[in-house]
Each structure stands twice: as structure tokens, then as C-alpha cells.
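Below: one structure, written as C-alpha cells.
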Amino acid sequence: MKRVIAGGFAHESNTFTPSMTGWDDFIMHTEGELGEWIKSDPDSELYGVFATLDELGYHVIPGVAAKGSVGGVVERGVFDVYVKRLQQYLDQVTDDVDGVLWVLHGSATVQEESDAQRAIVQILRNRFPNLPLVVTLDLHASVSDELLALIDGVAAYHTAPHRDVFSTGVRGARMLDHFIRTGKTGRLVSVRIPMLLPGEFGQTDHAPMSAFMRQAERIAAESNALEVCILQGYPWADNANGTVSVLGCWDAGDVSGQAHRLLELAEDIWRSRADFFASIPVMPVAAAIREVERRPAEELLVLCDAGDNPTAGGTEDRVDVLRAAVDCGACGLVFFSVFDEAFALACQGRVGEEVKAPLGFSLDHGGSPLMLAAHVLNAGIDEESGPYAYVESSGNRVFVCGRRMAVRSPRTLARAGIDPADRKQVLVVKSGYLFPEWQDFLTEQTPARDVLLGTPGATSLDLTTFRYNSLLSPVYPLTELHNPQAAVFLCGRDMETRRWSTELK
Ligand SMILES: [Zn+2]
4 MKRVIAGGFA
14 HESNTFTPSM
24 TGWDDFIMHT
34 EGELGEWIKS
44 DPDSELYGVF
54 ATLDELGYHV
64 IPGVAAKGSV
74 GGVVERGVFD
84 VYVKRLQQYL
94 DQVTDDVDGV
104 LWVLHGSATV
114 QEESDAQRAI
124 VQILRNRFPN
134 LPLVVTLDLH
144 ASVSDELLAL
154 IDGVAAYHTA
164 PHRDVFSTGV
174 RGARMLDHFI
184 RTGKTGRLVS
194 VRIPMLLPGE
204 FGQTDHAPMS
214 AFMRQAERIA
224 AESNALEVCI
234 LQGYPWADNA
244 NGTVSVLGCW
254 DAGDVSGQAH
264 RLLELAEDIW
274 RSRADFFASI
284 PVMPVAAAIR
294 EVERRPAEEL
304 LVLCDAGDNP
314 TAGGTEDRVD
324 VLRAAVDCGA
334 CGLVFFSVFD
344 EAFALACQGR
354 VGEEVKAPLG
364 FSLDHGGSPL
374 MLAAHVLNAG
384 IDEESGPYAY
394 VESSGNRVFV
404 CGRRMAVRSP
414 RTLARAGIDP
424 ADRKQVLVVK
434 SGYLFPEWQD
444 FLTEQTPARD
454 VLLGTPGATS
464 LDLTTFRYNS
474 LLSPVYPLTE
484 LHNPQAAVFL
494 CGRDMETRRW
504 STELK
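Start counting the sequence shown at 4; every next residue gets the next number (the numbering used here).
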């Protein structure tokens, strides 16, 4: 029976958010306990990897896997423990291993280590210099050429919002099996485009990205590729590799023709750069408040506070929209949620009473708290939100959580006693684009619509509000480029790497 090792390290690190990501935000499992953890989430990439390798007849030796909730830069201590456990694990693994598969998000930044994924893969490659090594990536990965030079293959998500997490694990496992069975090595071609793209504008079922995803599929089918993907990068990090790129993977051989086709796709994407940013309307907050008053009574309206989106690393403690509603005298809005542990604690044991306390801006220093006099409708403590409170003030309701939490599904609101389908209210959620469960829910709730708000914060859609120091060259939309260059990188385990740049027309 052939033996493979598998593990992972997944984090999306926002370098503009003021707090760090520490142990409280991380789950890390090794060997035996890893198997149990994987079984607890059958939709995960790791489950796809382990189940498929098992089906293909491999003995999988579970390695070390860690996953953190999206947030600030990862504390060095967390990463050091991960690396130590990984090295201990690799010391124990015997040499009769046939392949390596590692599940990475691809946009992790660690204190004093800007390319954490490369550092991890370098450790794996040092231990097994001659084995097929495949990684899986999020479509919002910020991947360096140095990482690509260490691997044979990559499988990345093809959808945003992500609906193909499990199947990406399956594809990664099949790709590793391909390399093991054929004894071939991989060739990777990356074409980097000087462009930052907020994920909201790169949704794969929206134009223009939908057409480019189909173009990538055609290239893959016609060139017999193991993978062709568009990595959108991650703009809310000051990271040299956070730009958009087109990435392809083939078997060993001459791939210069394939490189040319990827370059054509990159040029098409570049020419549509302004279309991405115009693809989804972004509404100013004041206009959204007017929209609340004008909307048809039967319509379900969801406003997305995109600038303070915890699922992309926002602090979730900004109260810009609530403040605007209070200032305009708007009512009927339900805010889900505002992170403020002190406020949530102040409401404990006071259901039915009035509470007056400052709300918001406990992490973000870009504004001042809102003094809120509120009636406590509900309060308590649960695993997801920590101490929480649901309060009403001037006809608006606010769910306050003591722990940052994602609003991935309408079920999250239902658990808090809010009916997400109630037309008497307008939902204001801390989110960028809505996740698949939300989208499915809104499809069932016709008429319903979601609107992106142009709010400030660590995940603002206006990238000119951030200070980037690590970008290697000027990028769109921060600068309009006069002589835009695509950086082409071609590598494989048994060849000299090649790198050149070419003007984007
Ligand atoms: Zn993503």
C-alpha cells in the first residue's frame, strides 16, 4: 500500500486590522486527533483530501493541520508551535512515503514571516526533496513564485463565494495520485497581473469574472492541464504577492505554448480591470438609509457592511451605519452584529431593563463609540458569540457579541431569535458578498435583494484608503499604469526556473 502524508495551514491575514490572530482564534491538530477533527466537517477540503486518498487506496499518515478564523497577522508564537509540531512529525515519519499533500489557504501572514505558506512548504520539501508535492489553495491566495518553485501541482477553488471547498480537496488528492502513478513531475506557469481586486468584485457567477472562469476552463480542457485557475489575491494585506494572477499546472514537458495562452487570459482580465470595479453597485451609507425608507413593503432588503466584514478580517466593531441611522431618525433596521464585549457584559442579567453604554470601536481606532441607550431584549452567553445581547434603541435592534463572529448563514440570525425573512425589518449584516446559504435563501425569498455598502474599515472596498508599502511595483486601482507589465514565472522540479515580464496590451 502506498503511503502519503497530508496536513495543512490555513489563515487569511488582514494586515490592516489592528488586532493579531492568536491561540484563541486557532485550531491545531496533530496525527490521531487530526482524523477526528476532519470527520467533524465533511464539507471541508481536508475531508475531501483524506476521503479521496483513502478511496484511491492510499494509507494516509495524518500530519499537522491548523486553521484560524480570518483576522489580523498571526502571532509568531502560534506559528512557531505549528512549525515545531510539523518538524517533530516529519522526524517520526519513515522514508517510505510516496507523496505529500498540504491544504493551504495561501494568504497567511505571520509576524516576522510574510510568506508563511512558503516557509511551511520549504520544510516539507527539505524532508522529501524528490517526492510529488501538491498543495490546495483558496482562490483568494497570495502565492509567491518561491512557493510555486517548491511544488509539483496545485488545486485551487474555482468559485467565489466558495462552493467547491470539498471538491478542491478531491482534485488535489487526484492530482497527487496522478503524479505518484505516472512518476511525472509538474510544470507550473504563473502570470501575475499588476492589479488588486476586492473579492466582492471577483464573484465567479458575475460578469466579468464569470467569462474569464470559462476561458480558464477552456484552456485547461484544450491543453490537458491538471489545473488552470485565476487566483484573485487578497487586497487587505500589505503583501507583495496579493495581486491577481493566472496559474496553470501541467505535466513535465515544454509548456511555453500554454504560458502564451495564460498570458492572453491575463491580458483579457487586465483590459476589463475597470469593469470589475463597476460590476457590483456600491451604495454610500446615506443613500442606503434613504433606500430603507423607499423600499417596497414586500421586499426583503439586506445591506452588507462590506468595510467591516469579519470574514475578510474586519474588526466588526464599527458602528458607522448604526450612527447614520440614528442621525437620520431611520428605524426598522436590525444590525447583526457589533463586536463589543464590554457592552454585551453590561447587558447580562438585565433583560427587560434599560442600559446606557458606549458601543463599538473597541478595536478599530478610526472612530469613536456611539453612546447607546437601549432596552435589553435578550442576553446570555453561547459558544459562537461569547457573551451576547440583543437590544432595541429608537426603533432599531442590534445584536452585540463578545467574540467576533461571521454571519455565514441566515440560520445564525434565527438562532439569536431573529426571523431573517421578516419584511418589517431591514437587515444590516457585517459581510462582503453573501455566502452561498444566504444567496440560496434570498433566491427563495423573492422579492429580495442585497446591497453592498461603501463603508470604511479594514475591509473597505475603496483600496485607496490603505497604505501599501510592500508592493513591488505600482498596481491598479491605486495608480493608473502607463506601462503595465505582466510577470511570467515558469517552474518545475527538474528544470531551471524562468522569469520574464511582458507588457500588457
Ligand atoms: Zn476565499
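Even for Gly, the Cβ is constructed at its ideal location relative to N, Cα and C.
Predicted, not measured: the structure shown is a model, and the values here were computed from it.
For residue 354, there is no enclosing alpha helix (DSSP H), as DSSP marks it with neither H nor E. Per the DSSP secondary-structure output, residue 403 pairs in a beta bridge with 341, 392. DSSP places residue 280 in the uninterrupted alpha helix (DSSP H) bounded by 276 to 280. Distance from the CA atom of residue 149 to the CA atom of residue 388, rounded to whole angstroms, is 39 angstroms.
Per the Cβ contact rule, the region 133 to 147 is not in contact with the region 32 to 42 (fewer than 3 Cβ pairs under 8 angstroms). Annotation for residue 15 indicates a beta carbon within 8 angstroms of some heavy atom of ligand 1. For ligand 1, a non-hydrogen atom lies closer than 8 angstroms to the CB of residue 141.
Taking 8 angstroms as the upper bound for CB-CB distance, residue 494 and residue 151 are in contact here, some 6 angstroms apart. Boundaries of the alpha helix (DSSP H) harbouring residue 439: 439 to 447, taken from the DSSP string.
Sequence-distant partners of residue 32 (beyond 5 residues in either direction) whose C-beta falls short of 6 angstroms from its own C-beta, in its chain, are 40, 68. Here DSSP, grouped into helix, strand and coil, assigns residue 361 to strand. Using a C-beta cut-off of 8 angstroms, the region 465 to 477 makes no contact with the region 321 to 333, since fewer than three inter-stretch Cβ pairs fall below that distance. With a contact defined as Cβ atoms closer than 8 angstroms, residue 448 and residue 303 qualify at about 5 angstroms. Checking the 8 angstroms criterion, the Cβ of residue 363 is out of range of every heavy atom belonging to ligand 1. Comparing C-alpha distances from residue 501 to each of 212, 211, 437, 192 shows the shortest one belongs to 192.
Pairwise C-beta distances place the region 306 to 313 in contact with the region 453 to 463, as three or more of them are shorter than 8 angstroms.
With respect to the C-alpha of residue 483, the residue from 414, 318, 197 having the closest C-alpha is 197. A heavy atom of ligand 1 is found nearer than 8 angstroms to the CB of residue 163. A distance criterion of 8 angstroms places the beta-carbon of residue 160 in contact range of ligand 1, judged by its closest non-hydrogen atom. Note on geometry: alpha-carbon atoms of residue 129 and residue 281 lie some 45 angstroms from one another. Note: residue 103 is bridge-paired with 8, 136 in the DSSP secondary-structure output. By the Cβ neighbour-count rule, residue 257 is exposed, with fewer than 16 other Cβ atoms within 10 Å of its own. Residue 246 sits buried, since 16 or more C-beta atoms from the chains shown fall within 10 Å of its C-beta. Our two residues, residue 190 and residue 75, have alpha carbons roughly 33 angstroms apart in a direct line. In the DSSP annotation of this structure, the continuous segment of the alpha helix (DSSP H) that includes residue 413 starts and ends at 413 to 418. Inside the region 13 to 100, DSSP marks whole beta strand (DSSP E) runs of 3 or more residues at positions 29 to 33, 62 to 71, from first to last along the chain. Between ligand 1 and residue 236, a heavy atom-to-CB distance of less than 8 angstroms is absent. When distances are taken from the beta-carbon of residue 202 to the heavy atoms of ligand 1, the shortest one is below 8 angstroms.
Exposed is the label assigned to residue 4, since fewer than 16 other Cβ atoms lie within 10 Å of its Cβ.
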